[in-house]
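Residue numbers (my numbering): 382 to 821. Input: a single structure, listed below in structure tokens.
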Ligand SMILES: Cc1cc2nc3c(=O)[nH]c(=O)nc-3n(C[C@H](O)[C@H](O)[C@H](O)COP(=O)(O)OP(=O)(O)OC[C@H]3O[C@@H](n4cnc5c(N)ncnc54)[C@H](O)[C@@H]3O)c2cc1C
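Structure (structure tokens):
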């Protein structure tokens, strides 16, 4: 019995599993095991809409066992702790899992660029839990600000700063803006519209770097019109508990700081043998195999393929790599020549909140309402599972007619920020900026 172990039930890992299961249907002597720490697949592009209470969190995830259906692969919910490549073994919390082939698809983690305080004092925005924590945080802040009589404290609480002007930062800030201005203002009588401040901080001169430059002006115009403060060419130099320091010394006091400034490879990718790029991704050949270990394939956010080292780390790239890795394992088993991975851009779509988006696809560039309809249609189509498609379509429709479901369901554990309204965190206090310079 041979065994292929696939790590990670995200875009890349799931695609590889489903394809390999199909390709090796006639090989009953080949076992496929998918290992992931969550028992669901998450559709990340809709995560910003969890924060704005537009979509129910459960509607963007699909249990792996429902996706599996009649397929033969085995799913093991487990956390991978290390990989012993020379011995061909994965070490998971429940014990070792030997393999003949390995597909590494554990995704990425946030990159903090060694900025002091960045990791400790900002909200991460990568997982479903991050989305739910942030949703509850925004609501918690609004409840607190509503009855705060100190105007300076209220202003600080109502300042939301997002670091990173890529598509994640832009989609998140426009969603939050819609939620705060359309839902919060009016329902929370102690929160005047003009006291809500949304700041998008970007180190480079442009937001949406890598996006079609012809569409950037529209995105900029929309953000400006919506009152989002843009700080481009403003690298963050330090992050405090409740404040950001920009290059040049300016301090922005913010009740909530969200980090969306970049990604680096999963920590376990950095432990794989062979060369890595500057953000820790394993350098693999054009067939996605690790140097000197043709039985190990690395795909998705943790991979830097020789044939597409500069391809953006997005879902279509992970899916494409998943397909190629699965095909190549089947090719090796059948003694056939291997397939090279080529990245073909499918275009880019960025939502700018309600009724607006920018879309660049197959040479077509559109923005505004029709682009927004297109964005919705594409994301609905790409969601995994018909039930999820119906649930999200209903969430969107009802969200335009009825108020959002903005109840704080739970105070997440280990969330020091969420403790603030209950008398302070048990964590050691983080460094605060000197009050004298705390202007803006
Ligand atoms: C907020 C957000 C919005 C995004 N929006 C878009 C978008 O609009 N369009 C787009 O194309 N891309 C988008 N992306 C990027 C896209 O999600 C990634 O490029 C893609 O998910 C990468 O796929 P992957 O298979 O490498 O990893 P992932 O999809 O991240 O999957 C990794 C899997 O590994 C599991 N895992 C991690 N560590 C362990 C461990 N130690 N043990 C076991 N399992 C583990 C995780 O639970 C997860 O299931 C977005 C990302 C984020 C965070």
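For each residue, glycine too, the CB sits at the ideal point set by N, CA and C.
Of all the options the options, which has the alpha carbon lying nearest to the alpha carbon of residue i?
{"i": "residue 468", "options": "459, 482, 460 and 475", "result": "482"}
{"i": "residue 748", "options": "497, 597 and 681", "result": "597"}
{"i": "residue 401", "options": "442, 711 and 740", "result": "711"}
{"i": "residue 492", "options": "778, 641 and 405", "result": "641"}
{"i": "residue 770", "options": "441, 409, 384 and 412", "result": "441"}
{"i": "residue 448", "options": "524, 423 and 466", "result": "423"}
{"i": "residue 520", "options": "649, 611, 637 and 666", "result": "637"}
{"i": "residue 695", "options": "446, 405 and 489", "result": "489"}
{"i": "residue 644", "options": "693, 668, 406 and 737", "result": "693"}
{"i": "residue 497", "options": "578, 509 and 626", "result": "626"}
{"i": "residue 787", "options": "408, 455, 563 and 466", "result": "563"}
{"i": "residue 665", "options": "689, 745 and 465", "result": "689"}
{"i": "residue 767", "options": "443, 406, 779 and 570", "result": "443"}
{"i": "residue 757", "options": "500, 675, 777 and 594", "result": "777"}
{"i": "residue 555", "options": "570, 579 and 785", "result": "579"}
{"i": "residue 674", "options": "453, 389 and 465", "result": "465"}
{"i": "residue 410", "options": "780, 389, 383 and 431", "result": "383"}
{"i": "residue 648", "options": "567, 752 and 663", "result": "663"}
{"i": "residue 825", "options": "405, 407, 750 and 528", "result": "Outside the displayed span of the chain (382 to 821) sits residue 825, for which this structure offers no information."}
{"i": "residue 450", "options": "528, 531 and 403", "result": "403"}
{"i": "residue 634", "options": "533, 457, 589 and 741", "result": "533"}
{"i": "residue 737", "options": "531, 599 and 525", "result": "599"}
{"i": "residue 754", "options": "740, 454 and 728", "result": "740"}
{"i": "residue 566", "options": "784, 790 and 789", "result": "784"}
{"i": "residue 390", "options": "573, 406, 457 and 408", "result": "457"}
{"i": "residue 624", "options": "779, 501, 453 and 762", "result": "501"}
Going by DSSP, what residues sit across from residue i in a beta bridge?
{"i": "residue 383", "result": "411"}
{"i": "residue 569", "result": "566"}
{"i": "residue 595", "result": "Residue 595 pairs with nothing; no bridge assigned."}
{"i": "residue 626", "result": "619 and 632"}
{"i": "residue 685", "result": "664"}
{"i": "residue 423", "result": "442"}
{"i": "residue 505", "result": "640"}
{"i": "residue 469", "result": "Note: residue 469 sits in no beta bridge, so no partner."}
{"i": "residue 476", "result": "473"}
{"i": "residue 482", "result": "385"}
{"i": "residue 738", "result": "732"}
{"i": "residue 750", "result": "For residue 750, which the question treats as bridged, DSSP gives no partner whatsoever."}
{"i": "residue 513", "result": "DSSP, once it has assigned bridges, lists no residue as partnering residue 513."}
{"i": "residue 464", "result": "471"}
{"i": "residue 674", "result": "671"}
{"i": "residue 543", "result": "581 and 639"}
{"i": "residue 495", "result": "Bridge partners of residue 495: none, in fact."}
{"i": "residue 745", "result": "742"}
{"i": "residue 610", "result": "580"}
{"i": "residue 456", "result": "415"}
{"i": "residue 489", "result": "646"}
{"i": "residue 657", "result": "663"}
{"i": "residue 679", "result": "485"}
Excluding sequence positions up to five away, which residues of its chain have a Cβ less than 7 Å from the Cβ of residue i?
{"i": "residue 559", "result": "433, 734 and 735"}
{"i": "residue 552", "result": "429, 731 and 732"}
{"i": "residue 795", "result": "With a pLDDT of 49 at residue 795, under the threshold of 50, the predicted position of this residue should be treated as unreliable, and no value is reported."}
{"i": "residue 393", "result": "486, 680, 681, 699, 700, 702 and 703"}
{"i": "residue 760", "result": "426 and 427"}
{"i": "residue 670", "result": "677 and 678"}
{"i": "residue 651", "result": "657 and 661"}
{"i": "residue 528", "result": "571"}
{"i": "residue 476", "result": "none"}
{"i": "residue 386", "result": "414, 416, 471, 478, 480 and 483"}
{"i": "residue 397", "result": "387, 484, 486, 680, 703, 706 and 707"}
Which residues in the same chain as residue i place their Cβ atom closer than 6 Å to its Cβ, once the five residues preceding and following it in sequence are excluded?
{"i": "residue 513", "result": "438"}
{"i": "residue 782", "result": "none"}
{"i": "residue 583", "result": "546 and 613"}
{"i": "residue 395", "result": "422"}
{"i": "residue 499", "result": "493 and 620"}
{"i": "residue 515", "result": "432 and 504"}
{"i": "residue 586", "result": "613 and 614"}
{"i": "residue 820", "result": "At residue 820 the pLDDT is 30, less than 50, meaning the model places this residue with poor confidence; the figure from the coordinates comes in the next sentence. Answer for residue 820: no residue qualifies."}
{"i": "residue 569", "result": "523 and 527"}
Answer with yes or no whether the minimum CB distance from residue i to chain B is below 9 Å.
{"i": "residue 698", "result": "This model lacks chain B altogether, as it is built from one protein chain only."}
Check whether the region 715 to 725 touches the region 537 to 546, counting contact only when three or more Cβ pairs, one atom from each stretch, lie closer than 8 Å. They do not touch, by the three-pair rule.
Between the region 408 to 420 and the region 452 to 466, do at least 3 Cβ pairs fall closer than 8 Å? Touching, per the Cβ criterion.
Kindly confirm or deny that the region 591 to 610 and the region 554 to 573 touch, where touching means at least three C-beta pairs closer than 8 Å. With the cut-off at 8 Å, the region 591 to 610 and the region 554 to 573 touch.
With three or more C-beta pairs closer than 8 Å as the rule, is the region 541 to 548 touching the region 655 to 664? When Cβ pairs closer than 8 Å are counted between the two stretches, the region 655 to 664 is seen not to touch the region 541 to 548, the count staying below three.
Between the region 505 to 512 and the region 618 to 633, are three or more C-beta pairs nearer than 8 Å? Here the region 505 to 512 does not lie against the region 618 to 633, with fewer than 3 beta-carbon pairs under 8 Å apart.
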